[in-house]
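Since the structure comes first, as structure tokens, the remarks are kept for the end.
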Amino acid sequence: QRSPLNDYHRSKGVQLVRPSYWTQEMPFSEEDCAIHCTRTLSCRAFNYNLQSKQCQMLDWTSQETGTERQRHNHVDLYEKKDYMRECIVNKGVTYRGYRYITKSGKMCQHWSSNVPHEHRNSPSQFPRKGLDLNYCRNPDNDENGPWCYTTDWHTRLEDCGIKRCDEMECLMCNGEDYSGFVDHTESGRECQRWDLSYPHGHNYQPEKYPEKNLDNNYCRNPDGSRRPWCYTTDPAVEREYCNIRKCDGEHRLNDVEITKTCFKHNGVGYRGTINQTSARTPCQRWDKQFPHKHEFTPENYSCKGLEENYCRNPDGSEAPWCFTKDRGVRTAFCFQLERCNDDIEPEDCYTGNGTTYRGFVSKTRKGIPCQMWNTNSPHRPRVTPQTHPNAGLLKNYCRNPDGDSHGPWCYTSDPKVQWDYCAIRTCNGHAKSTNKEDPASVEFESCGRREDRPVENKKSR
Amino acid sequence: ILRGTPGNSPWTVSLRNREGKHFCGGSLVRRNWIISMKQCFSSCYAEFRGYEAWMGTILKDPRSDDPDKQAIPIRRAVCGPKHSNLIMLELERPATLNSRVALICLPPQGYIVPEGTSCEIAGWGETQGTGRDDVLNILVMPVISNNVCNRYYRGRLAETEICAGTVLRGFGACERDYGGPLACFTHSCWVLEGVIIPRRGCGRPNHPGIFVRVAMYVDWIKKVIEL
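So, in structure tokens, the structure goes:
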């Protein structure tokens with residue numbers, strides 16, 4: 141049940157071009173294209189157009205000089221993994237990387253040349269061995285992996301010292317940021333591609349988890365498991381762990397800020413001592429298996445601070461949580477925990493609701509620079525100096541042209557955040573004013589209506 | 078919901094994480110906009126791909142082929158003004174309105190709901206054995222004025238909060254109900270007067286429910302939708 145795409149490394153939204161080079165496009169599915177490319181000796185990659193369902197076979201990869209990766213919404217680039225990896229699988233017989241220096245630093249001799257060393261491994265004699273230029277290769281299944289004849293008269297050949305993929309990168313903590321090339325499980329089964337739902341249907345589609353690097357069929361850890369894993373191409377075995385070595389020395393979470401009195405982002409770095417859920421249910425100790433059995437032990441998750449029974453987030457959930465001491469409630473969030481204030485320090489103050497503010501602050505509360513009021517990029521403003529000529533809409537200064545009761549605001553320079561409030565506070569002694577609509581005059585439209593009827597008892601029905 | 082009863086609240090939505098697990102509630106205020114609680118999400122600028130709003134069914138775990146269920150991906154979020162605890166979620170596509178999916182009205186800006194007004198909270202959260210765990214539960218509760226409520230909270234209630242419920246033990250919102258609605262029936266319409274926020278404990282005696290007072294943020298809500 142393996143997909144022919146398993147041999148390829150996909151780059152979404154990218155096409156590979158080489159000036160003045162063109163190959164015939166053929167209408168196929170992605171998998172048909174992969175089969176065709178695999179069978180064609182000279183094919184190293186293909187561009188796949190998702191709209192026209194056509195593929196363009198390429199004799200080169202993005203690793204080669206003279207090629208250019210261009211963004212293209214409807215094209216995905218597939219490149220043979222053997223040309224992309226700078227590490228080897230097993231003995232590296234299929235290695236097609238670009239290393240041309242031996243482990244002692246000697247330059248490799250071209251396979252097509254017999255100087256300085258005469259040999260019989262010529263590319264014309266062994267066209268399937270990938271004997272390109274002077275790259276390290278393993279045409280004879282050598283135990284030490286890829287090698288080459290050297291340009292040193294005194295050293296006929298030497299191996300290149302290319303590491304195995306499962307040794308090249310090591311795991312920190314539970315390997316949640318592992319982005320290496322291992323694509324087989326610890327029992328030797330090949331991994332299923334994350335973007336395919338066969339042989340195993342699953343929830344971890346790469347587009348749902350853009351930050352989890354669910355590339356191709358590489359081992360990953362998107363769910364806070366003990367170590368990287370994958371679905372296997374064996375229909376009888378759904379998922380298995382991968383065997384990747386752990387890094388030596390102290391293990392620490394990368395890019396996670398440790399906090400104690402509040403939590404940031406989703407609280408992976410929270411190390412405070414709150415030990416109850418928001419419903420005041422006491423938490424179960426992480427090192428105990430009662431009342432709930434679990435795998436989140438301090439030994440399995442050494443970087444996650446699973447001390448005592450404190451609220452923690454070892455699996456990347458929405459907020460810190462814990463197993464509860466209540467048999468009927470396995471886990472619960474600790475939403476009562478304060479979220480750290482991530483707003484930047486206010487730089488000025490305003491009175492009333494800020495409609496008269498004419499200061500020079502031009503940043504949102506998150507520190508994003510404001511967009512100029514008189515430009516249309518990145519956002520096309522509905523409030524402009526023309527629509528609100530008396531609102532002081534100069535440059536990109538924070539203003540309150542629409543009388544927003546929550547203070548001055550601006551359109552932001554971040555394409556993803558249209559507008560936001562500014563890094564300004566109310567001046568001491570000046571309470572905010574709210575515009576009140578007259579409740580008596582309010583008329584509701586079509587909302588807020590429902591058919592009140594007895595709830596059907598689905599079970600008995 | 079503790080001591081709730083199964084019922085119909087067509088504007089109450091279930092927020093589902095990328096594993097499809099219910100983690101918070103929300104209210105449908107426009108066909109493509111939901112209001113919920115900021116704490117339910119790691120950040121206003123987080124990646125929302127894979128998160129969905131489910132509506133149209135009262136079942137907590139409807140079958141995947143349930144014809145009534147609408148599962149709509151969340152496109153993006155906009156966080157409310159400082160200290161509001163509110164978040165607006167934009168949906169990838171508008172919800173289809175029918176007898177099981179409806180919009181709830183927004184109150185007039187700054188409107189103070191009269192004491193004693195009958196309201197209800199709804200959610201798929203914890204029942205702690207007081208009700209059915211597999212369906213949406215609803216609990217009817219009266220509004221308590223901030224003056225009276227402050228007696229139980231030693232004056233800590235803010236103007237931006239609304240109080241409703243009872244001082245008796247064992248009634249009210251609980252885990253995974255957060256973000257859901259406090260809906261009150263006024264002017265012949267159901268109006269979203271509050272958003273359920275986490276408090277210390279569920280159904281504690283002498284601790285009526287405290288909610289975000291939506292009326293204080295209606296101008297912001299409308300602006301987010303309009304802009």
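Residue numbers (this note's numbering), protein chains in the order written: chain A, 141 to 601; chain B, 78 to 304. All residues carry an ideal CB built from backbone N, CA and C; glycine is no exception.
For H176 (chain A), the three-state secondary structure derived from DSSP is helix. For Y255 (chain B), the chain A residues whose Cβ falls inside 7 Å of its Cβ are F475, in order along the chain. Scanning A:P263, A:H294 and A:T290 for the CA closest to the CA of P279 (chain A) turns up A:P263. Residue A:L534 holds the alpha-carbon nearest to the alpha-carbon of Q511 (chain A) among A:L534, A:S457 and A:K352.
When the Cα atoms are used, R236 (chain A) and L271 (chain A) turn out to be separated by approximately 9 Å. Beta-bridge pairing by DSSP links R209 (chain A) to A:L156. When secondary structure is reduced to three states using DSSP, P219 (chain B) falls in the strand class. Taking a cut-off of 8 Å for Cβ pairs, the region 240-248 of chain A and the region 211-226 of chain A do not touch, as fewer than three such pairs fall below it.
For secondary structure counted as the alpha helix (DSSP H) over 4 or more consecutive residues, the region 285-315 of chain A holds these complete runs in sequence order: 305-308. Residue nearest to Q194 (chain A) within the set A:T566, A:P346 and A:P167 is A:P167 (criterion: CA-CA distance).
With a threshold of 8 Å between beta carbons, W201 (chain B) makes no contact with chain A. Secondary structure of Q116 (chain B) (DSSP, three-state): helix. Of all residues in the region 130-148 of chain B, only I135 and L136 come within less than 8 Å of chain A when Cβ atoms are compared, listed by chain position. Within the same chain, and ignoring the five residues on either side of I564 (chain A) in sequence, the residues whose Cβ sits closer than 8 Å to its Cβ are P486, E487, D488, C489, Y490, G494, Y497, G499, V501, C538, G547 and P548.
Counting other Cβ atoms within 10 Å of its Cβ, K303 (chain A) stays below 16 and is therefore classed as exposed.
The region 277-291 of chain A makes no contact with the region 405-424 of chain A; the number of CB pairs closer than 8 Å stays below 3.
Interface residue (Cβ-Cβ distance to chain B less than 8 Å): C587 (chain A) is classified as such. In the structure shown, P167 (chain A) adopts extended strand secondary structure according to DSSP, grouped into three states.
Within the DSSP bridge table, the entry for N187 (chain A) names A:Q196 and A:L217 as partners. A straight-line Cα-Cα distance of about 22 Å links E478 (chain A) and G249 (chain B).
Counting only runs of 4 or more residues that sit fully inside the region 396-446 of chain A, no alpha helix (DSSP H) segment turns up. Residue contact check for S222 (chain B) against chain A: no CB pair falls below 8 Å.
With contacts defined as CB atoms closer than 8 Å, V229 (chain A) and N281 (chain A) fail to qualify as a contacting pair. The beta carbons of I273 (chain B) and G257 (chain B) sit closer together than 8 Å. Nearest CB-CB separation between A179 (chain B) and chain A: below the 8 Å threshold. As the crow flies, the alpha-carbon of E203 (chain B) is around 50 Å from that of T515 (chain A).
Think of a sphere of 8 Å around the beta carbon of K299 (chain B): no beta carbon from chain A falls inside it, the nearest being about 10 Å out. Interface with chain B (8 Å Cβ-Cβ cutoff): N254 (chain A) is excluded. The three-state secondary structure of E96 (chain B), taken from DSSP, is coil. Chain-ordered listing is empty here: chain B has no CB closer than 8 Å to the CB of Q511 (chain A), the nearest sitting near 13 Å. Ranked by how close their Cα comes to the Cα of Y188 (chain B), the residues B:D145, B:T207, B:C261 and B:V212 have B:C261 in first place.
Look at the beta carbons and you see the region 376-387 of chain A touching the region 307-323 of chain A: at least three pairs across the two are nearer than 8 Å. Below the 7 Å Cβ cutoff, chain B contributes S119 as neighbours of N406 (chain A), in chain order. For N214 (chain B), the three-state secondary structure derived from DSSP is strand. H99 (chain B) places its beta carbon less than 8 Å from that of S91 (chain B).
Counting only runs of 4 or more residues that sit fully inside the region 258-302 of chain B, no alpha helix (DSSP H) segment turns up.
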